[in-house]
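So the sequence shown is numbered by the numbering used here: it starts at 81 and just counts up by one.
The beta-carbon is built from N, C-alpha and C at its ideal position, and this holds for glycine as well.
See below for the structure under consideration.
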Amino acid sequence: MSDPKEERLRQLPLFKDADRKAIENLASLADEASVSAGQALITEGHQHREVYVIESGTASVIIDGNEVAEIPAGEMVGEVGFFSGQPASATVSAKTDMRVLVIPYNGFDRTMEENPAMVRAVLKELAERLYATDAKLQ
81 MSDPKEERLR QLPLFKDADR KAIENLASLA DEASVSAGQA LITEGHQHRE VYVIESGTAS
141 VIIDGNEVAE IPAGEMVGEV GFFSGQPASA TVSAKTDMRV LVIPYNGFDR TMEENPAMVR
201 AVLKELAERL YATDAKLQ
């Protein structure tokens, strides 16, 4: 029988091209957490060391006090800080009660290095978010 976290990760579009070993690695590293509506996962201007996979609920992306996007279940947050190494450019808070998988950067980094298809999927997601945010700002 496989790990329930592996099954949930496999169902996410973001990880559809990941191989079995990558999913096993992520699942072994991931902690499950409940997040109450209004609670911040990521705070603008602060360095964070985790990536969050939203299993249920919705997150708000807030820049300078203004909501600029919503992130639905099945998506990831925290990957911008992972790739940039910079403090968070936005606050990400639970808009509703949420369930998330919390993956530490060091393990996420190792898994990404071993699975280029996963890197492409995450970069595609980042590009789509950038376009969506840019469209809202115009």
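Item checked: DSSP state of THR171 mapped onto helix, strand, coil -> Walking along the sequence shown from the start, residue 171 turns up at place 91. Strand, per DSSP.
Next item on the list: Grab the span of the alpha helix (DSSP H) containing ARG129 for me, first residue to last.
Entry: Sequence index remark: in the sequence shown, residue 129 carries index 49 (1-based). Neither: ARG129 is in no alpha helix (DSSP H) and is coded neither H nor E.
Checklist line | Paired residues, beta bridge with VAL115 - DSSP | finding: Translated into positions along the sequence shown, residue 115 becomes position 35. Per DSSP, MET178.
Check: Do three or more CB pairs link the region 136-152 to the region 168-175 at distances below 8 Å?
Finding: yes
Checklist line | Same chain, Cβ closer than 8 Å to MET81, five either side skipped, listed in chain order | finding: Position 1 of the sequence shown, counted from the start, is the residue given in the question as residue 81. Unreliable positioning characterises MET81 in this predicted model, as indicated by a pLDDT of 49, which lies under 50. The coordinate reading is nonetheless provided below. Result list for MET81: empty, nothing under 8 Å.
Check: Using the C-alpha atoms, what's the distance from GLU155 back to LEU92?
Finding: Residue 92 sits at position 12 when you count from the first residue of the sequence shown. Residue 155 sits at position 75 when you count from the first residue of the sequence shown. Each residue's Cα considered, the two are about 7 Å apart.
Notebook entry, point to check: Helix, strand or coil: how does DSSP classify ALA149 here?
Noted result: Reading the sequence shown from its first residue, position 69 is the one you call residue 149. DSSP places ALA149 in strand when its eight states are reduced to three.
Checklist line | Cβ shell of GLU124 (< 6 Å), same chain only, five flanking positions each side left out | finding: Taking the sequence shown and counting its residues from 1, one reaches residue 124 at position 44. So the qualifying residues of the chain are ALA168, ALA170 and THR171.
Next item on the list: Please confirm whether GLY158 and GLU130 have their CB atoms less than 8 Å apart.
Entry: For the purposes of this step, residue 158 is taken as the residue at position 78 of the sequence shown. For the purposes of this step, residue 130 is taken as the residue at position 50 of the sequence shown. Yes, the pair counts as a contact, with Cβ atoms nearer than the cut-off.
Item checked: Segment limits, beta strand (DSSP E) that includes ALA139 -> Here residue 139 refers to the residue found at position 59 of the sequence shown. 139-143 is the span of the beta strand (DSSP E), which, as asked, contains ALA139.
Margin query: Could you tell me the alpha carbon to alpha carbon distance between GLN127 and GLY161, rounded to whole angstroms?
Written below: For this step, residue 127 is matched to residue 47 along the sequence shown. For this step, residue 161 is matched to residue 81 along the sequence shown. Their Cα atoms are separated by approximately 7 Å.
Notebook entry, point to check: What did DSSP end up calling MET81 once you bin it into helix, strand or coil?
Noted result: Against the sequence shown, residue 81 aligns to sequence position 1. Because the pLDDT at MET81 is just 49, under 50, the model does not fix this residue reliably, and the value given afterwards should be weighed accordingly. Looking at MET81 - three-state DSSP - the assignment turns out to be coil, as it is neither helix nor strand.
Next item on the list: Could you say which of PRO84, ALA98, ASP144 and GLU194 lies nearest to SER108 if we only look at CA atoms?
Entry: Within the sequence shown, the letter at position 28 stands for residue 108. Considering only alpha carbons, the answer is PRO84.
Check: Are the beta-carbon atoms of SER136 and MET198 separated by less than 8 Å?
Finding: Here residue 136 corresponds to residue number 56 of the sequence shown, with the count starting at 1. Here residue 198 corresponds to residue number 118 of the sequence shown, with the count starting at 1. No, Cβ-Cβ distance for SER136 and MET198 is not below 8 Å.
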